[in-house]
Amino acid sequence: MQKETWLKLLSQYRAIAVIRSPDLTLGIHMATAVAQGGMNLLEITWNSDEPAQLLRELKTRLSHCVIGVGTILTLKQLEEAIASGAQFCFSPHYDPQLLQLSQEAQIPLIPGALSPTEILKAWHDGASSVKVFPVDAMGGVKYIQSLQGPLDGIPLIPTGGVTLENAATFIKSGAIAVGLAKELFPQALVVTKNWQAIALRTQLLCDTLKPLSVKIN
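In structure tokens, the structure reads:
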């Protein structure tokens, strides 16, 4: 996937569901629930149970979704993710070796960064966009707003502090998209396997973000 295509998807859908599951079957249910709620961008964290198998299963079951991976820490993990069909990759840090491999495979890599220096370095080196993590540690929405002046034009994806209530505010403040994990998957709902409630939470988020969708031809 080319960088331009990735940025178009982010501008259109505005949110990524981050799925971290201790059990393969549970992960399938979690992903299916948010997909039913309208989510199109799904991230499977590589510290989930059997992440490669989960990725392959979901690509078959949810073929209409764009499915990638997250929490990629090493080259070996990235190689395994690419071989398993990942369509994009998130990492919590910036590693030029990961970026080089992703560019060779033509798969968007979104490294994590926090300071302006880290964000600029990742973007100038060719990152497809930059994950601002954990954004709540830096002030949340206000931090994204403050970055818009000096870093205007760099597509930022805040995670770690995004909620159903403030997701739209992040977009209005300059983020190209947001990532949500626990907010979409409250422990009580996952434990009781209340997939309908998770789908409804997701639908609420998607409905909130829909007016901010930008389709680019």
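Going by the working numbering, the sequence shown opens with residue 1, and the numbers climb by one from there.
Even glycine gets a Cβ: it sits at the ideal position worked out from N, Cα and C.
Fair warning: this is a prediction, and the values are worked out from it, not measured in the lab.
Can you find the residues in the same chain that come closer than 7 angstroms, C-beta to C-beta, to D125, ignoring five residues on each side of it along the sequence?
P96, L99
Report yes or no: do three or more beta-carbon pairs, one from the segment 178 to 195 and one from the segment 137 to 153, lie closer than 8 angstroms?
no
Compute the distance between the beta-carbons of I72 and C89, then report whether it is under 8 angstroms.
yes
Give me the DSSP bridge partner(s) of T208.
The partner list for T208 (beta bridge, DSSP) is empty, contrary to what the question assumes.
So, does the segment 75 to 90 touch the segment 104 to 120, judging by three or more C-beta pairs under 8 angstroms?
yes
Keeping to the same chain, check which residues put their C-beta closer than 8 angstroms to that of L62; ignore five residues upstream and five downstream.
A31, T32, A35, L42
Nearest-angstrom Cα distance between K76 and W46?
11 angstroms
Measure the Cβ-Cβ separation of A177 and L10 and say whether it is below 8 angstroms.
yes
Please classify V214: is it buried, with 16 or more other beta-carbons within 10 angstroms of its beta-carbon, or exposed?
exposed
Completely contained alpha helix (DSSP H) runs for the segment 63 to 88, where each covers 4 or more residues:
75 to 83
Tell me which residues share the same chain as I28 and place their Cβ nearer than 8 angstroms to its Cβ, disregarding the 5 neighbours each side in the sequence.
L54, E57, L58, R61
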